[in-house]
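Undergrad: Once you've had a glance at the structure underneath, I'll fire off some questions.
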Amino acid sequence: MPTSNTLQDHNEEVSFFDMVYQVVRLIPEGRVTSYGAIGSYLGAARSARMVGWAMNNAHHLDPPVPAHRVVNRAGQLTGRAHFNPPERMQELLEAEGVNVTEHQIDHFDTVFWDPSVELSL
DNA sequence: CGATTGACGTACG
DNA sequence: TCGTACGCCAATC
Numbered sequence: 001m002p003t004s005n006t007l008q009d010h011n012e013e014v015s016f017f018d019m020v021y022q023v024v025r026l027i028p029e030g031r032v033t034s035y036g037a038i039g040s041y042l043g044a045a046r047s048a049r050m051v052g053w054a055m056n057n058a059h060h061l062d063p064p065v066p067a068h069r070v071v072n073r074a075g076q077l078t079g080r081a082h083f084n085p086p087e088r089m090q091e092l093l094e095a096e097g098v099n100v101t102e103h104q105i106d107h108f109d110t111v112f113w114d115p116s117v118e119l120s121l
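Start counting the first sequence at 1; every next residue gets the next number (this note's numbering).
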């Protein structure tokens, strides 16, 4: 029996946070996805904010989560400020073959990786 | 303990 | 069609 005796007895799957981490780790190199896409894949399209918030926790996770492959719906590296250093996010993306200009991913529609599509749910 | 924020996105006016 | 408001769940103040 789980340690937590929360009100949610319907915990059939892991927490939303954990699911986010799992999906982010499934992102292949050279591909990126958006917070909303992950949230939508998890069945909560409106919880895009939560996905980003989960990334904050991702920094102390093991193994580390490739948060640099997660950007907003516009393809902008909005979360770069939370990296160390912030420019590290762009460097990591370029190292995987993803070109970034002015914190904006080039050909975002091409490198975009939609979990609900690639995972063929 | 209660209110606000937070790496966004969708819905509504 | 464009602009504004709300929602998601958890953590922080």
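Don't be surprised by glycine CBs; every beta carbon is placed ideally from N, CA and C. Source: prediction; values computed, not measured.
Taking the alpha carbon of I105 as the point to measure from, which residue in T33, M50, L119, F17 has its own alpha carbon closest?
TA: Minimum Cα distance to I105 is reached at T33.
Undergrad: Sorted by chain position, which residues of the same chain lie with C-beta nearer than 7 Å to T78's C-beta, five sequence neighbours on each side aside?
TA: V71, N72, listed in sequence order.
Undergrad: Which partner residues does T101 have in the DSSP bridge list?
TA: Q104.
Undergrad: Classify S15 as helix, strand or coil using the three-state DSSP reduction.
TA: Coil at S15, not helix or strand.
Undergrad: Return the chain-ordered list of same chain residues with a C-beta closer than 7 Å to the C-beta of G30, the five sequence neighbours on each side being excluded.
TA: Counting only Cβ-Cβ distances below 7 Å, and skipping sequence neighbours, we find E96, G97, V98, V111.
Undergrad: Here's a check: name, in chain order, each residue in its chain whose Cβ is nearer than 7 Å to the Cβ of N5, leaving out the five neighbours to either side.
TA: A caution first: N5 carries a pLDDT of 32, below 50, which makes its placement in the model too unreliable to give a value.
Undergrad: Identify every residue that forms a DSSP beta bridge with Q76.
TA: DSSP output for Q76 lists Q104 as bridge partner(s).
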